[in-house]
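Reading through the structure tokens given below for one structure.
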Amino acid sequence: GSRRPLDRWEAGRRLGATLQRAGVRMPVEVALLAVAAAMIIAGGVVLLVLGTAPGAGLACALVAAAAVAFVRSADRRYLARVTAQLSLVAQQLSGGLAAGLSLRQSIERTARDVPEPASHELGRLAIELRLGARVEPALAGFADRLDDPAVRLLITAIVVQRSVGGNLADGLARLATQLDDRQRLVQ
Numbered sequence: 012g013s014r015r016p017l018d019r020w021e022a023g024r025r026l027g028a029t030l031q032r033a034g035v036r037m038p039v040e041v042a043l044l045a046v047a048a049a050m051i052i053a054g055g056v057v058l059l060v061l062g063t064a065p066g067a068g069l070a071c072a073l074v075a076a077a078a079v080a081f082v083r084s085a086d087r088r089y090l091a092r093v094t095a096q097l098s099l100v101a102q103q104l105s106g107g108l109a110a111g112l113s114l115r116q117s118i119e120r121t122a123r124d125v126p127e128p129a130s131h132e133l134g135r136l137a138i139e140l141r142l143g144a145r146v147e148p149a150l151a152g153f154a155d156r157l158d159d160p161a162v163r164l165l166i167t168a169i170v171v172q173r174s175v176g177g178n179l180a181d182g183l184a185r186l187a188t189q190l191d192d193r194q195r196l197v198q
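Structural data, given as structure tokens:
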């Protein structure tokens, strides 16, 4: 079984991935306990100072809302930084493939060459592949972890190009240009 209780549920795993992307480096259970403790403390202080139960409830709700807002905001910033680097990732993968490296080798090289946070995410993918994961499921897991339309576009392009054949390096080079154009439009 899983070492951590909330890892047994999809919602717990998704929350763990979100917390990790947001920079919260603690298990989901600890993060939830920390928020609950802050809620109790805030509610207790308001109850003691103002003597009003509705005020205490409001204080608890505000602490929970602030925690959710913080994590969502940090997660969006992380995903935006990864998305901004996808053109570079596609270029690096294309270059590795054009130089004769396999897709696995290109992923490892790209993980070393691109800056954070894409480097971290590709590094995780490279480790999974090194440990024997099949390419398509590992790529799908990468897309699921990041859950971003541009990441899914990159992964779909790789999987489709691999399945139908053709020059993956050229396809990734074209995609890099499209992602770069798309990123310029977003900015």
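Numbering-wise (the numbering used here), the sequence shown opens with residue 12 and increments by one. Yeah, the Cβ is synthetic: ideal placement off N, Cα and C, and Gly gets one too. In this text the structure is predicted, and so the values were computed from the model without any measurement.
Counting other Cβ atoms within 10 Å of its Cβ, Ala77 stays below 16 and is therefore classed as exposed. Thr94 and Gly107 do not touch by the CB rule: their CB atoms are close to 21 angstroms apart, not below 8 angstroms. Per DSSP, the continuous alpha helix (DSSP H) segment holding Thr188 begins and ends at Leu179 to Val197.
In terms of Cβ geometry, Gln96 and Val125 form a close pair [threshold 8 angstroms]. Using a Cβ-Cβ distance cut-off of 8 angstroms, the region 156-170 and the region 68-88 are not in contact, since fewer than three pairs of beta carbons, one from each stretch, lie closer than that value. Within the region 32-67, the alpha helix (DSSP H) runs of at least 4 residues that lie entirely inside it are, in chain order, 39-61. Taking Gly134 as the centre and dropping the five residues before and after it, the same chain places the C-beta of Ala122 closer than 7 angstroms to its C-beta, in chain order. DSSP places Arg145 in no alpha helix (DSSP H); its state is neither H nor E.
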